[in-house]
Amino acid sequence: MYFLEWGIWKGRLMPQTEAEKKKAVQYKSGKGGENGLDLSKLAEKGGAFDKPTGIEPDDAYALYSFNDRYIDVRGAAQEEKRGLITFSFIIYLGLVSFLLWLGLYLPARDLMLGVEWEIDSLVFFMIFMTALAGLVLFLGIRLLRYIFRLEVFTQRHIVVRFNRITRQVHINRPKYAGGIITFPWEVTAAGIDPNQPDEQMIGMPLLLAWPSELNGAGFDEFAMLGEPMDGNRKVVGLWEFIRRYMQDGPQAVPKPKRLRPLWASPALSLREVFSFLMPMVGRGGGAFSLGWGIVLLPVMVLHFVCHWLSMMLCYRARWPRVIEEAGLPGKPVPKTTVAEDYGPEIGARLREATLESRGVASQPAQKDAGATFQG
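All residue numbers for the sequence shown refer to UniProt numbering, where the first residue is 1 and numbers rise by one.
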């Protein structure tokens, strides 16, 4: 489910008056910028790539790929929650199929069985039910496709690639959530605190940010890496793994025992469904977790089926050739992203949104960028 990533991207492209209201509420509440993260403070600290944490590196079962050139890391914030939209999609398809069954199959079956129909009534019924099915299908395509594509017929995973040869970070998201973005590794800021109590980060991912003050793109960006973690040591350990890999090479970190599959693995879907129970099991709450598991078993089975179906209805995330070959001898270094790569209107809106998130007044954009962006 890419609802969070889509919502954040759409929020940046909202008309200015609405965006200002939203940012004003955030700043008055003292939460700072996007998602409650104060990117300006991270920018003041600078990149965290050269600052050891004192925690042992841990891949935290977050890696899709591991080699001498790059590592690919899970970058979706709510991947374990996918399935709800897929369930709605199944109901929608079921409704369309039922209407077609009533309008086409049922009359044809009755005619074959010798059931008498008045020809006018038969023709009217078939046309009406088929037209109703077509209307439901049209409305779904017209109005609901932007919701359905958050889980189905989209890329299966959001992947963050750390290329140690080119010293770059690439974020591979669907186009409706910002598309593929490239930043220098040295401007990466980590939202971590090695001294934070372990239990305060239970269920949280690793948060990395690329503040506009550092990245040269003209807009802020951040990503949530890994699955919900079993405490702060796991969160910091994943960052230390990435940091050491990029700074010192693959020999400086323990080789991952296993990698996350990029195909539609039922085992991975099962793991995601049970992920909310894992922290309790790891802290001696096995009996409590077992009880909850039994109570929620029917819901969890349905969640598993929908999660796996969602994975099967998606395709593997693909990289542009220049990023796929980056770091090989004689191959070019990918260009870093700037706001204007999205076009002048959207680029201007991204820069405005960044200024607003810092509480700085900005001039209105020439046109409404939000109106030119689909989805």
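Each residue gets a CB set at the ideal place from its N, CA and C atoms; glycine is no exception. Treat the numbers as computed from the prediction; the structure is a model and nothing was measured.
Residue range Asn232 to Asp248 is occupied by the alpha helix (DSSP H) that includes Asn232.
Going by beta carbons, Ala223 and Leu238 fall outside the 8 Å limit. For Trp210, the enclosing beta strand (DSSP E) covers residues Leu206 to Trp210. Shown here for Pro334: same chain residues with a beta carbon closer than 6 Å to its own, the five before and five after excluded, namely Thr182, Val322, Ile323 and Ala326 in chain order. Rounded to whole angstroms, the Cβ separation of Pro261 and Leu270 is 12 Å, and the two are not in contact under 8 Å.
According to the DSSP assignment, Ser310 belongs to the alpha helix (DSSP H) that extends over Leu297 to Met312. Per DSSP, Glu352 lies in no beta strand (DSSP E); the unbroken alpha helix (DSSP H) holding it starts and ends at Pro344 to Ser357. Pairing Met14 with Lys81 gives a Cβ-Cβ distance that is not under 8 Å. Per DSSP, the unbroken beta strand (DSSP E) holding Phe162 starts and ends at Val159 to Asn163.
Contact annotation, Pro205 with Asn232: C-beta distance approximately 12 Å; criterion of less than 8 Å not satisfied.
Taken through DSSP and simplified to helix, strand or coil, Asp59 comes out as coil.
Leu143 and Ala76 have their C-alpha atoms spaced approximately 25 Å apart. DSSP places Asp68 in no beta strand (DSSP E); its state is neither H nor E. Contact between Asp72 and Val159 holds, with the beta-carbon distance rounding to 5 Å and staying under 8 Å.
Distance check between Tyr146 and each of Pro174, Gly134 and Met229 places Pro174 closest, using alpha-carbon atoms only. Here Asn215 is buried, its C-beta having at least 16 other C-beta atoms within 10 Å.
Between Ala339 and Gln155, the CB-CB gap reaches or exceeds 8 Å. When C-beta atoms of the region 86 to 103 are compared with those of the region 116 to 132, three or more pairs fall below 8 Å, so the two segments count as touching.
Your pair Ala177 and Glu5 checks out as a contact, with CB atoms roughly 4 Å apart and the cut at 8 Å.
Cα atoms of Leu150 and Gly83: separation of roughly 10 Å, rounded to the nearest angstrom.
In the DSSP assignment, Leu4 falls outside any beta strand (DSSP E) and lies within the alpha helix (DSSP H) extending over Phe3 to Arg12. In this structure, Ile171 is the residue among Ile171, Thr86 and Ile202 with its C-alpha nearest to the C-alpha of Trp185.
It is roughly 19 Å from the alpha-carbon of Gly330 to the alpha-carbon of Trp319. Nearest Cα to Thr354 within the set Arg12, Phe124 and Ile119: Arg12.
In this structure, the straight-line span from the alpha carbon of Ile141 to that of Ala264 is close to 25 Å. The continuous alpha helix (DSSP H) containing Glu324 extends over residues Arg321 to Glu324.
Beta bridge pairing from DSSP links Glu221 with Trp210. DSSP places Val123 within a helical segment (H, G or I) once states are collapsed to three. Assignment of Ala108 by DSSP, reduced to helix, strand and coil, places it in the helix class. Per the coordinates, the alpha-carbon of Ser212 lies some 5 Å from the alpha-carbon of Gly218. Taking all protein chains shown into account, Ala60 has 16 or more neighbouring C-beta atoms within 10 Å of its C-beta and is therefore buried. Going by beta carbons, Pro57 and Pro254 fall inside the 8 Å limit. Taking 8 Å as the upper bound for CB-CB distance, Ile55 and Glu240 are in contact here, some 5 Å apart. Here the C-alpha atom of Ala252 lies approximately 9 Å from the C-alpha atom of Met246.
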